[in-house]
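Visitor:
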Amino acid sequence: MAQTTVVVPEVGMTAATPTACPCPGSLFPYPPPRAGMAVSRKCLRAAQAELGAGMFLDYDGTLSPIVDDPDAAFMSETMRMAVRSVAKHFPTAIVSGRCRDKVFEFVKLAELYYAGSHGMDIKGPAKSSKSKAKGVLFQPASEFLPMIEEVHQRLIEETKHVAGAKVENNKFCVSVHFRCVDEKSWGALAETVKGVMREYPKLRMSQGRMVFEVRPTIKWDKGKALEFLLESLGFADCPNVLPVYIGDDRTDEDAFKVLRRRGQGVGILVSKHPKDTSASFSLQEPAEVMEFLLRLVEWKQLSRARLRLRRQADA
Numbered sequence: 004m005a006q007t008t009v010v011v012p013e014v015g016m017t018a019a020t021p022t023a024c025p026c027p028g029s030l031f032p033y034p035p036p037r038a039g040m041a042v043s044r045k046c047l048r049a050a051q052a053e054l055g056a057g058m059f060l061d062y063d064g065t066l067s068p069i070v071d072d073p074d075a076a077f078m079s080e081t082m083r084m085a086v087r088s089v090a091k092h093f094p095t096a097i098v099s100g101r102c103r104d105k106v107f108e109f110v111k112l113a114e115l116y117y118a119g120s121h122g123m124d125i126k127g128p129a130k131s132s133k134s135k136a137k138g139v140l141f142q143p144a145s146e147f148l149p150m151i152e153e154v155h156q157r158l159i160e161e162t163k164h165v166a167g168a169k170v171e172n173n174k175f176c177v178s179v180h181f182r183c184v185d186e187k188s189w190g191a192l193a194e195t196v197k198g199v200m201r202e203y204p205k206l207r208m209s210q211g212r213m214v215f216e217v218r219p220t221i222k223w224d225k226g227k228a229l230e231f232l233l234e235s236l237g238f239a240d241c242p243n244v245l246p247v248y249i250g251d252d253r254t255d256e257d258a259f260k261v262l263r264r265r266g267q268g269v270g271i272l273v274s275k276h277p278k279d280t281s282a283s284f285s286l287q288e289p290a291e292v293m294e295f296l297l298r299l300v301e302w303k304q305l306s307r308a309r310l311r312l313r314r315q316a317d318a
């Protein structure tokens, strides 16, 4: 399937009426209506399959609101309940730029897969599981740990004069948050970070939502992490499995592109505004993500109940 980039229309904008999808939620297919019909068929096929679907979720801005203090990005108990319910029916992973241990402290669900540091730190569930990926542990950038810690300390020192800047060590990457920095100082802060980076050619800088990310130059990102998890779960070549990836950040685009390239799966962008994206659908905010997850569980339960009744009728 050819890789394309689309603009997901903002909710409320004039658009053709989307075709209903059997997995409910405030999804807005683009371009309508063909994408909606295609996703409907995939949802039905996945529901009828033995393996079902795989759910891959970003954390900040997807399961929790974006807040000024990254250490206070707590998810609600109702969101935790929704994620726990989804994980009972589908293998579920959190794929975040955060340190894996830190995002686990926020989510607190041992039955999930966690891919921290933009997928450079992956671990399977701590609880007993039938999944093939139970014991998976993958850290492709381990050799960079001393360098990352050194850069972390350098960035703390070099940015301490910038009011509102916060430097976060996410184990295999360093995040420089500037959400609380005066807009007039953004350019100077970027130059400061770039100045430090010039001394570390094995690291690169990228930008996310109000954050500069420093990470190793290895060819690894959330898209690669998604592919690794699908392979570890035994889903890489399963036509009846529907991977669903939900995220709000530029770094999630790598995962959306993987799904488009595979021609199998659904990428869902969380945004209130139109953006250039490789996702096929959008949800406005974490509250809508929670509603989508809960309704997906209800739909899955109903599908299974109907299947049981059909089998009983045929017996």
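The sequence shown begins at 4 in the numbering used here and counts up by one.
The beta-carbon is built from N, C-alpha and C at its ideal position, and this holds for glycine as well.
1. What ranges does the alpha helix (DSSP H) occupy inside the region 140 to 168, keeping only unbroken runs of at least 4 residues that lie completely in it?
2. Does DSSP put S235 in a helix, in a strand, or in coil?
3. Would you be able to state if there are at least three C-beta pairs under 8 Å between the region 89 to 103 and the region 228 to 246?
4. Determine the contact status of G127 and W223, defining contact as a CB-CB distance below 8 Å.
5. Within 10 angstroms of its Cβ, does A85 collect 16 or more other Cβ (buried), or is it exposed?
6. Exposed or buried, what is Y33 when buried is set at 16 or more other beta-carbons lying within 10 Å of its beta-carbon?
7. Look at the alpha carbon of G250 and the alpha carbon of I271, and state the distance between them as a whole number of angstroms.
8. Candidates F215, M150, M213: which alpha carbon is nearest K205's?
9. Any idea what DSSP makes of P219, helix, strand or coil?
10. Within 10 angstroms of the Cβ of P219, are there 16 or more other Cβ atoms? Answer buried if so, exposed if not.
11. With a threshold of 7 Å on Cβ separation, who are the neighbours of D61 within its own chain once the five nearest residues in sequence on each side are excluded?
12. Please state the DSSP three-state secondary structure of S306.
13. What did DSSP end up calling L115 once you bin it into helix, strand or coil?
14. Pairing CB atoms from the region 235 to 242 with CB atoms from the region 201 to 217, are three or more of them under 8 Å?
15. Just curious, the beta strand (DSSP E) that T280 is in, first and last residue?
16. Which partner residues of T321 appear in the DSSP bridge assignment?
17. Does the beta-carbon distance from V177 to L192 come in below 8 Å?
18. When the Cα of A56 is compared with those of E171, K105, C241, F295, which residue comes out closest?
Guide: Quick answer:
1. Considered as a whole, the region 140 to 168 harbours 148 to 162 as its complete alpha helix (DSSP H) runs of no fewer than 4 residues, in chain order.
2. For this step, residue 235 is matched to residue 232 along the sequence shown. It is helical.
3. yes
4. Translated into the one-based positions of the sequence shown, residue 127 becomes position 124. Translated into the one-based positions of the sequence shown, residue 223 becomes position 220. Between G127 and W223, the C-beta spacing is not below 8 Å.
5. Working through the sequence shown from its first residue, we reach residue 85 at position 82. By the 10 Å Cβ count, A85 comes out buried.
6. Taking the first residue of the sequence shown as position 1, residue 33 is located at position 30. Because Y33 carries a pLDDT of 46, less than 50, the predicted location of this residue cannot be relied on, and the following value inherits that uncertainty. Buried, by the Cβ-count rule.
7. Taking the first residue of the sequence shown as 1, we reach residue 250 at position 247. Taking the first residue of the sequence shown as 1, we reach residue 271 at position 268. Distance between the alpha carbons of G250 and I271 is about 7 Å.
8. As a working note, residue 205 is residue 202 in the sequence shown. Measuring from the Cα of K205, the nearest candidate turns out to be M150.
9. Taking the sequence shown and counting its residues from 1, the one referred to as residue 219 is at position 216. Reduced to three states, the DSSP call for P219 is strand.
10. Mapped onto the sequence shown, residue 219 falls at position 216. Buried: at least 16 other Cβ atoms inside 10 Å.
11. As a working mapping, residue 61 is identified with position 58 in the sequence shown. Taken in chain order, the residues that qualify are V98, S99, I249, G250, D251, D252, D255.
12. If you number the sequence shown from 1, residue 306 lands on position 303. Three-state DSSP puts S306 in a helix.
13. If you number the sequence shown from 1, residue 115 lands on position 112. Three-state result, L115: coil.
14. Of all C-beta pairs linking the region 235 to 242 to the region 201 to 217, fewer than three are shorter than 8 Å, placing the two stretches out of contact.
15. For this step, residue 280 is matched to residue 277 along the sequence shown. T280 -> beta strand (DSSP E) spans 278 to 280.
16. Only positions 4 to 318 of the chain appear in this structure, which leaves residue 321 out of reach.
17. Position 174 of the sequence shown, counting from 1, holds the residue named residue 177. Position 189 of the sequence shown, counting from 1, holds the residue named residue 192. Not in contact: V177 and L192 (Cβ atoms no closer than 8 Å).
18. Residue mapping note: residue 56 aligns to position 53 of the sequence shown, counting from 1. With distances taken between Cα atoms, A56 lies closest to C241.
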